[in-house]
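Residue 67 is where the sequence shown starts when you use the numbering used here, and the numbers rise one by one after that. Every residue gets a Cβ at the ideal spot worked out from N, C-alpha and C, and that includes glycine. Since we're looking at a predicted model, the values are computed, not measured.
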Amino acid sequence: MALPDPRTNSEDFADELVYFSARVAANPKTAHLAATLDEEIEAVDGAHETNRDRRRDEIRSRARRDFIDSEGDDEIASFRKELGGYAPHDHDVVRKTFPDGVRAVVAPTGVEQLKRLKDLVERIELALRSPALAAEPAKKKEKIEAVLTAGKETAQGYAKRLGPAVEVWKAALTEHGVAKDSDQATRQLAYARAGGVLGLLREALGGSRAAADAYTHAGPTRRSGGDAEEGDLEAGSGPDSPSAAGSPPEEPAR
Numbered sequence: 067m068a069l070p071d072p073r074t075n076s077e078d079f080a081d082e083l084v085y086f087s088a089r090v091a092a093n094p095k096t097a098h099l100a101a102t103l104d105e106e107i108e109a110v111d112g113a114h115e116t117n118r119d120r121r122r123d124e125i126r127s128r129a130r131r132d133f134i135d136s137e138g139d140d141e142i143a144s145f146r147k148e149l150g151g152y153a154p155h156d157h158d159v160v161r162k163t164f165p166d167g168v169r170a171v172v173a174p175t176g177v178e179q180l181k182r183l184k185d186l187v188e189r190i191e192l193a194l195r196s197p198a199l200a201a202e203p204a205k206k207k208e209k210i211e212a213v214l215t216a217g218k219e220t221a222q223g224y225a226k227r228l229g230p231a232v233e234v235w236k237a238a239l240t241e242h243g244v245a246k247d248s249d250q251a252t253r254q255l256a257y258a259r260a261g262g263v264l265g266l267l268r269e270a271l272g273g274s275r276a277a278a279d280a281y282t283h284a285g286p287t288r289r290s291g292g293d294a295e296e297g298d299l300e301a302g303s304g305p306d307s308p309s310a311a312g313s314p315p316e317e318p319a320r
C-alpha cells in the first residue's frame, strides 16, 4: 500500500493526501472517491492547526512563567545580599535562612520553585526566633529583624505572582498533550480511510494494484527537497504506462 505514513509530520502527510485526492478527482471514472479524501485532509489540517496553536499557548505561558521566575530570583538574591550586610555567612540567622545557599532556593522553576519559596518563608520565621538573633545588640537585632521580615514579604509576593502563572502553564501543557494525541489519532484515522479509498480505486481501475498505487505517489515533499520539479518522477510511472501493469512504482521517501 503506497499511502503516506501516519507517523510522519501532519503537513507532509496531508500533502500526500492532497495529491492522492487531486489525481483521483482528475479521472472522471474515479472522481467520486475524492470527497472522502478531501474530508480527511480537512480533518488532518484542523487537528494539526489545533496542535500547533496549543503548543504555542504552552510556549507563551511558559515564557510568562519564566519571566516572573527570573524577576523573583533576583529579588531573593538581593534579600540574601542585604542580609549578609548585617550577619556573616556563619551567623545562625543566615544558616537557618539559607542552609544550602541562595542558589538552592532560586535554581528550580515552576512547581518546585513554589515549594522552595514556601520552605524559605518557614525558615525565615524560624530565623526570627533564633537565640543568636535575640542575643544581638538591640539596634543590630532590629535591623536584622527588619531585613528578615522584608525578605519574608518578598518571598511571599514572589510566590503570589508565580503561583497563578504556574497554573496557567500547567493547564496549557495538558491541553497541548491532548491536542498532540488528537493530531496523531487523526492521521491514523485518515490513513485507514484513505486505505479504503485505495481499495475502491483499484476496483475502478480494473483491479490493478500498480495503477492504483501510482495515484498516491506524490514524489518529493518539503522534507526531501521542496516542490517537485518537472521530471522529478520517473517517466512511465502513470497508470496507463507499460510499467503500471508490472511492478508497482517506488513509494516516496519517508
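Here ALA201 is exposed, its C-beta having fewer than 16 other C-beta atoms within 10 Å.
Here DSSP, grouped into helix, strand and coil, assigns GLU178 to helix. Counting only residues of its own chain and dropping the five nearest sequence neighbours on each side, ILE142 has a CB closer than 6 Å to the CB of VAL171 and VAL172. Around the beta-carbon of GLN254, fewer than 16 other beta-carbon atoms lie within 10 Å, marking it exposed.
If you draw a straight line from the Cα of ALA238 to the Cα of ARG130, it is about 12 Å long. In this structure ALA100 touches ALA91 by the C-beta definition: roughly 4 Å separates them, less than 8 Å. When C-alpha distances from GLU269 are compared across ASP156, LYS95 and THR74, the shortest belongs to LYS95. A residue is called buried when at least 16 other Cβ atoms come within 10 angstroms of its Cβ; GLY261 does not meet this threshold and is exposed.
For LYS209, the CB contacts under 7 Å within the same chain, skipping 5 residues up- and downstream, are TYR152 in chain order. Straight-line measurement puts the Cα of GLU219 at about 14 Å from the Cα of THR163.
Excluding sequence positions up to five before and after GLY229, its CB lies within less than 7 Å of the CB of LEU180, all in the same chain and listed in chain order.
Taking the CA atoms as reference points, LYS147 sits about 52 Å from THR74. In the displayed model, PHE145 falls within a helix according to three-state DSSP.
Following the DSSP letters along the chain, one finds GLY243 inside the alpha helix (DSSP H) bounded by residues 204-270.
In terms of Cβ geometry, LEU69 and TYR257 form a close pair [threshold 9 Å].
Per DSSP, the continuous alpha helix (DSSP H) segment holding PRO197 begins and ends at 197-200.
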